[in-house]
Structure formats: C-alpha cells, structure tokens
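Asker: Note that the protein sequences, when read in sequence, are chains W and F. Numbering that gives the first Met the number 0 applies: residue 0 is where the first sequence begins, and numbers increase by one. Numbering that gives the first Met the number 0 applies: residue 0 is where the second sequence begins, and numbers increase by one. I have a structure I would like to understand better, so I am pasting it below and will then ask my questions one at a time.
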Amino acid sequence: MSAIYVARGTKLAGRKIKNQMIIMTARDSVLSSLNELGTTIWDAADGVTPLESIVEQKICAEYDVDRAEALKDAEAFVRDLAGDEIFVVSDQPIGTSPTCVKSRESHAAPDLQA
Amino acid sequence: MIALAYESTIDIGGMPILVRSDSAEFARILGDRYGNFVHTGGTRPAFELEVELLPDGVPCPDQDVQVRKESDRWIMERGDFRAEWDTKLRQGWVRQTANPYSIDGVLRILHSLILAGEGGFLVHAASAVRNDCAFLFAGVSGAGKTTISRLAPGDVELLTDEISYVRPAGPGYDAFGTPFAGELARIGANMRAPLKALYLLAQGPENKIEAVSEAAGVQALLRNILFFAHDPELVDNVFQSACEFVNRVPIYRLVFLPDARVWELIV
C-alpha cells in the first residue's frame, strides 16, 4: 500500500475544549467534533508524516488496537473529513503544514468526529 | 436629482444606524416597524445606509440570502433586496421596494457582521431581564422561545422572543433588547443588562436545570448564532466569539413544561 500524507485544512476554525476538538468549516459552516483518537490524528497531521507512522507512533503505541484495523479506520476517517476540507489527503508529502486557525492560547485543532 | 431627505436612526444594541431615503412613507414604515428603537434626530449614527426605493414589484424574500465580501465591501443579496456595505467608510446602500421586511433582513445581516468584529453576535434566543440581570433562552424554531416568553411573570422585561443581541462588556456580556420579534409579534424592551446565564431550551415532563459541558455548549451556541456568510475570517471570528462566550457565561439546559412555574428557576 502506498503512503498517505495528511495535513489539516486551512479554511476552518477550531479549538480544543477539554479533550474534545470542535471545528467549523468556512465553506459551509459544518460543525464537527473529534474524539480523542481523532484529535490525536489531527495533532499529528503535519503533511509530511505518513499516516501509517502516525497510527503506529501515536495510536498503536498508546492504545490496545490492531495495527491494520487502526490504519484502515484512520484512513477512512481522514478521507471522510477531507470531503469537508477538514483534512487534506495526498499520496505525496504536503510540504508545510497549513495552520488550521488563528491559534489562541487555549485553542488547538479539531478532533475526530465524536 | 433626488433630494434624500427622510432620515431615521435605528438604534439596536447600542449601534445606531441612520437610514436615509427620499420617501416620507418609508420613514413612516420604519417608525411603525421599529417603534422606540427609532430616533429621528439627536443620536449620532455609527453607520449610515442610503435606501433607494424601487417601484413596487414582486419581492421574493424566501430566496436564500447571499452575502460575500469583496475587498472592504460586503455585498448582500436576496430576492427582495440588494445592498452593499463598506466596512471602512461605515456606510452603504440598499435597493428595495418600500416594505419593512427587506430593510429588516439587511439590518440583521449588518448587525451580525458588525458584531462579529467585536466578539458579539445575534443568536436565535429569547432573552429577558429579571432583577437587573439578563437571561438567554436559545433554541431552534419550536424549542419554546415564544412559549417561555409568554410565560414570563410581571417582574420580567422581555428583550425579544426570537433574536437576541449579545455584546462583550467588561468581564462578561450584555444582552440588548431587539425589535426582531417571533410569534409573539411584539418588539422587545429597548434596554440592556449584564448577562447572567444562557439556557438551552428543551421541553420535557418537568422543570429542571441540567449541566452542559463546555464543548456541548459551544456547539449548541454555534448552531443558534445567526451566520450569513462563509468568509473564512468571519467564520473564525464567530467561532472564537462563541468559545469565549462559553468561557465566561454559564450555560445550562433548561428542561421545562409549558407552565409558568419554570420561571421559579430563573433567578
């Protein structure tokens, strides 16, 4: 399987509240919240780390999950949210990771849909 | 050359907007529609609108509103009006027929855009003042905004049963009365008060107040904020405003029966 690279979308606003990331897209004001695993992927989505590495290093290392199953779920997740421009997905490194929002101190990025 | 002679200043949320046209009849329509939110002189306007009145036609106010930004100008269009707003000059124009609905749509959009730049917002919520504190009751159509407004006892001043006006003030927020009425068909009291709490309305078998998580509060608030444009900067402003609001104002779910005793919980 070829590598998949994931970056955060640029046209959205988001903030991490407690352990839940909330995101709103600029295109159509879709509101999403990411769960803990989704937030983990969001935080690691720098555009240059392959999704497979993110799953290995950030998910399999922390959670008791099957690696192949976790990768399959993660890919489905990022491709799903790419449809709303929350993630950018590519088979090439995406270069500089776009900043998702004007960050404020207590903000972060959005999470996996809860 | 038309002499634009008739001026009315519509002062909602402490943001007086001067509306100028060449029609005494339109000025009368504004007076009827906005009641004591209208002044004909004395108040220095913060913004100005020129209204060009078109011959009577068939307006289509049900058509989706389109709002977009081009450079420093917001362009607003619906079936029954076209308007432009220059954010730097703080003035704009409207083309519409002489009716209160079109200018009302323009004013709602304008206020939402102006408020977005200063951390405030218009929100689908009834609001009321009791003991010098304001309370918001948010919910979509059918959630009970008009019902809870109708049930308000005599010591409560209603700010609106439909669209509430919220601006940052000191460490918290103030709620302002608005003329934007719902089923109650009654414009709100023209007053302001510090906001004490936001209640998310839910009708149920008993009256009770439930805790709401911060994340759920942000999401619920965002679903109710009036939002007309998909401009990235505007979306970010509104999103961050909602998050700041939830940091500073307690949010609860108010489950209630259509019964006046629910107001015993609002203190």
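Ideal placement from N, C-alpha and C gives every residue a C-beta, glycine not left out.
DSSP beta-bridge partners for His229 of chain F?
Answerer: Stepping through the second sequence from its first residue, residue 229 of chain F is reached at position 230. None; His229 of chain F has no bridge partner.
Asker: Between the stretch 197-225 of chain F and chain W, which residues of the former have CB atoms less than 8 Å from a CB of the latter, in chain order?
Answerer: Within the stretch 197-225 of chain F, the qualifying residues are Ser212, Glu213, Ala214, Val217, Gln218, Leu221 and Arg222.
Asker: For the stretch 1-18 of chain W, enumerate the residues whose C-beta is nearer than 7 Å to any C-beta of chain F, in chain order.
Answerer: Against chain F - using a Cβ distance shorter than 7 Å - the residues of the stretch 1-18 of chain W are Lys10, Ala12, Arg14, Ile16 and Lys17.
Asker: Report yes if the C-beta distance between Leu135 of chain F and Leu221 of chain F is below 7 Å; otherwise report no.
Answerer: Taking the first residue of the second sequence as 1, we reach residue 135 of chain F at position 136. Taking the first residue of the second sequence as 1, we reach residue 221 of chain F at position 222. No.
Asker: Can you name the start and end residues of the alpha helix (DSSP H) that Val64 of chain F belongs to?
Answerer: Sequence index remark: in the second sequence, residue 64 of chain F carries index 65 (1-based). Segment: none, Val64 of chain F is in no alpha helix (DSSP H) and carries neither H nor E.
Asker: Measuring alpha carbon to alpha carbon, tell me which of W:Gln19, W:Lys15 and W:Arg26 ends up nearest Ala81 of chain W.
Answerer: Mapped onto the first sequence, residue 81 of chain W falls at position 82. Comparing Cα positions, the closest option is W:Arg26.
Asker: Taking DSSP as the reference, what is the three-state secondary structure of Glu76 of chain F?
Answerer: Here residue 76 of chain F corresponds to residue number 77 of the second sequence, with the count starting at 1. DSSP places Glu76 of chain F in strand when its eight states are reduced to three.
Asker: Tell me the DSSP bridge mates of Gln202 of chain F?
Answerer: Here the question's residue 202 of chain F lines up with position 203 in the second sequence. Per DSSP, F:Phe255.
Asker: Between Cys242 of chain F and chain W, is the shortest Cβ-Cβ distance under 7 Å, so that the two count as touching?
Answerer: On the second sequence, position 243 is the one that residue 242 of chain F refers to. Chain W, which has a Cβ nearer than 7 Å to the Cβ of Cys242 of chain F, makes this yes.
Asker: Which residue from F:Glu156, F:Cys242 and F:Gln90 puts its Cα closest to that of Val128 of chain F?
Answerer: The residue given as residue 128 of chain F occupies position 129 in the second sequence. Closest by alpha carbon: F:Glu156.
Asker: Would a check of beta-carbon distances place Leu256 of chain F closer than 7 Å to chain W?
Answerer: Within the second sequence, numbered from 1, the residue matching residue 256 of chain F stands at position 257. It does not: the Cβ of Leu256 of chain F has no partner Cβ on chain W nearer than 7 Å.
Asker: Is His123 of chain F close to chain W, meaning its C-beta is less than 7 Å from at least one C-beta of that chain?
Answerer: Here residue 123 of chain F refers to the residue found at position 124 of the second sequence. No, His123 of chain F does not count as interfacial toward chain W.
Asker: Can you check whether the CB of Gly187 of chain F is closer than 7 Å to the CB of Leu225 of chain F?
Answerer: Taking the second sequence and counting its residues from 1, one reaches residue 225 of chain F at position 226. Taking the second sequence and counting its residues from 1, one reaches residue 187 of chain F at position 188. In this structure, Gly187 of chain F does not lie closer than 7 Å to Leu225 of chain F by Cβ.
Asker: From the DSSP output, read off the bridge partner residues of Arg166 of chain F.
Answerer: Along the second sequence, one-based indexing puts residue 166 of chain F at 167. Partner(s): F:Asp173.
Asker: Please list the segments of the alpha helix (DSSP H) lying wholly inside the stretch 75-161 of chain F, counting only runs of 4 or more residues, in order along the chain.
Answerer: You should have 99-115 and 144-149.
Asker: Are the C-beta atoms of Asp235 of chain F and some chain W residue less than 7 Å apart?
Answerer: The sequence position of residue 235 of chain F within the second sequence is 236, counting from 1. Closer than 7 Å to some Cβ of chain W, the Cβ of Asp235 of chain F qualifies, so yes.
Asker: Short of 6 Å in beta carbon distance, which residues of its chain neighbour Thr8 of chain F, apart from the five on each side in sequence? Order them along the chain.
Answerer: By one-based count along the second sequence, residue 8 of chain F stands at place 9. Result list for Thr8 of chain F: Pro15, Leu17, His38, Thr42 and Pro44, in chain order.
Asker: In the DSSP assignment, the beta strand (DSSP E) including Glu6 of chain F goes from what residue to what residue?
Answerer: As a position in the second sequence, residue 6 of chain F is number 7, starting the count at 1. Its beta strand (DSSP E) spans residues Tyr5 to Ile11.
Asker: Suppose you measure from the CA of Glu61 of chain W to the CA of Thr177 of chain F; what does that come to, to the nearest Å?
Answerer: In the first sequence, residue 61 of chain W corresponds to position 62, counting from 1. In the second sequence, residue 177 of chain F corresponds to position 178, counting from 1. For Glu61 of chain W and Thr177 of chain F, the distance between alpha carbons rounds to 52 Å.
Asker: Going by DSSP in three states, Arg26 of chain W sits in which element: helix, strand or coil?
Answerer: Along the first sequence, read from residue 1 onward, the residue named residue 26 of chain W stands at position 27. Note: Arg26 of chain W maps to coil in three-state DSSP.
Asker: Is Ala259 of chain F near Leu150 of chain F, with beta carbons less than 7 Å apart?
Answerer: Position 260 of the second sequence, counted from the first residue, corresponds to residue 259 of chain F. Position 151 of the second sequence, counted from the first residue, corresponds to residue 150 of chain F. Cβ atoms of Ala259 of chain F and Leu150 of chain F: closer than 7 Å.
Asker: Measure the C-alpha to C-alpha separation of Trp41 of chain W and Val93 of chain F and round it to an integer number of angstroms.
Answerer: By one-based count along the first sequence, residue 41 of chain W stands at place 42. By one-based count along the second sequence, residue 93 of chain F stands at place 94. One C-alpha to the other measures close to 44 Å.
Asker: Would His229 of chain F count as contacting chain W if we go by Cβ distances under 7 Å?
Answerer: As a working mapping, residue 229 of chain F is identified with position 230 in the second sequence. Yes, His229 of chain F counts as interfacial toward chain W.
Asker: Please state whether DSSP places Glu49 of chain F in a helix, a strand or coil.
Answerer: Position 50 of the second sequence holds residue 49 of chain F. In the structure shown, Glu49 of chain F sits in a strand (DSSP, three-state: E or B).
Asker: I want to verify the contact list: residues of chain F whose CB lies under 8 Å from the CB of Asp27 of chain W, in sequence order.
Answerer: Here residue 27 of chain W refers to the residue found at position 28 of the first sequence. Going along chain F in sequence order, the residues near Asp27 of chain W (Cβ under 8 Å) are His229.
Asker: Could you name the residues of chain F that Leu33 of chain W contacts, counting a contact when the two beta carbons are closer than 7 Å?
Answerer: Counted from its first residue, the first sequence places residue 33 of chain W at position 34. Neighbours of Leu33 of chain W on chain F: none; closest Cβ ~10 Å, over 7 Å.
Asker: Measuring straight from C-alpha to C-alpha, what distance separates Gln65 of chain F and His110 of chain F?
Answerer: Walking along the second sequence from the start, residue 65 of chain F turns up at place 66. Walking along the second sequence from the start, residue 110 of chain F turns up at place 111. Roughly 16 Å between the two C-alpha positions.
Asker: Short of 7 Å in beta carbon distance, which residues of its chain neighbour Pro49 of chain W, apart from the five on each side in sequence? Order them along the chain.
Answerer: The residue you call residue 49 of chain W lines up with position 50 of the first sequence. Here the set comprises Ala2, Ile3 and Tyr4.
Asker: Alpha carbon to alpha carbon, what distance is there between Leu253 of chain F and Val261 of chain F?
Answerer: As a position in the second sequence, residue 261 of chain F is number 262, starting the count at 1. As a position in the second sequence, residue 253 of chain F is number 254, starting the count at 1. So the alpha carbons of these two residues sit roughly 9 Å apart.
Asker: When we look at the beta-carbon of Glu24 of chain F and count the other beta-carbons within 10 Å, is it buried (16 or more) or exposed?
Answerer: Numbered from 1 along the second sequence, position 25 holds the residue referred to as residue 24 of chain F. Exposed is the call here.
Asker: What residues from chain F crowd round Leu80 of chain W, counting only those whose CB sits closer than 7 Å?
Answerer: Within the first sequence, the letter at position 81 stands for residue 80 of chain W. Result: empty, since nearest Cβ-Cβ is about 16 Å, beyond 7 Å.
Asker: Any C-beta of chain F sitting closer than 7 Å to the C-beta of Ile21 of chain W?
Answerer: Within the first sequence, the letter at position 22 stands for residue 21 of chain W. Ile21 of chain W counts as touching chain F.
Asker: Per DSSP, which one or two residues make a beta bridge with Gly94 of chain W?
Answerer: Counted from its first residue, the first sequence places residue 94 of chain W at position 95. Gly94 of chain W pairs with nothing; no bridge assigned.
Asker: Helix, strand or coil for Phe25 of chain F? Go by DSSP, reduced to three states.
Answerer: As a position in the second sequence, residue 25 of chain F is number 26, starting the count at 1. Helix, per DSSP.
Asker: What number of angstroms, rounded off, separates the C-alpha of Thr86 of chain F from the C-alpha of Ala73 of chain W?
Answerer: Working through the second sequence from its first residue, we reach residue 86 of chain F at position 87. Working through the first sequence from its first residue, we reach residue 73 of chain W at position 74. Using only the alpha carbons, I get a separation of about 43 Å.
Asker: Might you give, ordered along the chain, the residues of its own chain that have their beta carbon closer than 8 Å to the beta carbon of Arg66 of chain W, omitting 5 neighbours on each side?
Answerer: Working through the first sequence from its first residue, we reach residue 66 of chain W at position 67. Result list for Arg66 of chain W: Val54, Glu55 and Cys59, in chain order.
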